[in-house]
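Some notes on the structure that comes next.
Structure below.
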């Protein structure tokens, strides 16, 4: 065998031995718990649709709606799953549904849980059926968010802002067979609630003024400081 071939074979074997040694070393550390495998985060691409003519919004069957204040109406949803969501303008109303869900499935709790971001001016009211809504507040009081929301047919509304203070100016909420849950980081200037077969839990949010209209089948869970804010 030529000397050059021997050298090439030697280099090749050395590479194999080195690679095997590294794999064995990493595996040993992994088994001991000293090594944390790298977790790759997949990018989520969103499709955006502008709907400047929308003066009302109706949503049915979505379980991952984020409601965000904006100067103009638009929405974003995962690009890979956009086909499952149907939207159309009926005169001045934006109607959003998942046509694959039947009424029976919705009644049993079936929802489309893909992420759906809805950007709306404060003047545009939202009506939901069989939906889960998370209303986003502002990070400072000068840009406090305002919403008009009507929840129906087992819809629920929550306020979550990643353990940071979230500011709201005015919340006008109607609930019919609905659940409303605030959070302790929420700071709300004016809250007006109408309840029919519904419930609200303030979760110790800070509320300056509260007006409540409720039927006998509805329930309120308010902290002491917010009871004093009742008008």
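In the numbering used here, the protein residues as written are 111 to 341. Where is the CB? At the ideal position from N, CA and C, for every residue including glycine.
7 Å Cβ cutoff, residue i in contact with chain D
i	result
residue 162	No chain D appears in this structure, which consists of one protein chain only.
Reduced DSSP category for residue i - H, G, I as helix; E, B as strand; rest coil
i	result
residue 194	helix
residue 216	helix
residue 271	coil
residue 284	strand
residue 140	Note that residue 140 scores a pLDDT of 39, beneath 50, so its modelled location is shaky and nothing firm can be said.
residue 341	coil
residue 207	strand
residue 329	strand
Per DSSP, cross-strand counterpart(s) of residue i
i	result
residue 229	178, 184
residue 291	268, 311
First and last residue of the uninterrupted beta strand (DSSP E) at residue i
i	result
residue 323	316 to 324
residue 258	255 to 262
residue 311	309 to 311
residue 299	296 to 306
residue 236	236 to 239
residue 170	166 to 170
residue 242	242 to 245
Among the options, the one whose alpha carbon lies nearest that of residue i
i	options	result
residue 317	304, 330, 300	300
residue 321	242, 314, 284	284
residue 212	171, 309, 296	171
residue 307	319, 274, 286, 290	286
residue 338	200, 225, 313, 319	319
Span of the alpha helix (DSSP H) around residue i
i	result
residue 336	334 to 337
(request) Would you check if the segment 237 to 245 and the segment 263 to 270 touch, i.e. whether three or more CB-CB distances between them fall below 8 Å? (result) The answer is yes - the segment 237 to 245 touches the segment 263 to 270, with three or more Cβ pairs under 8 Å.
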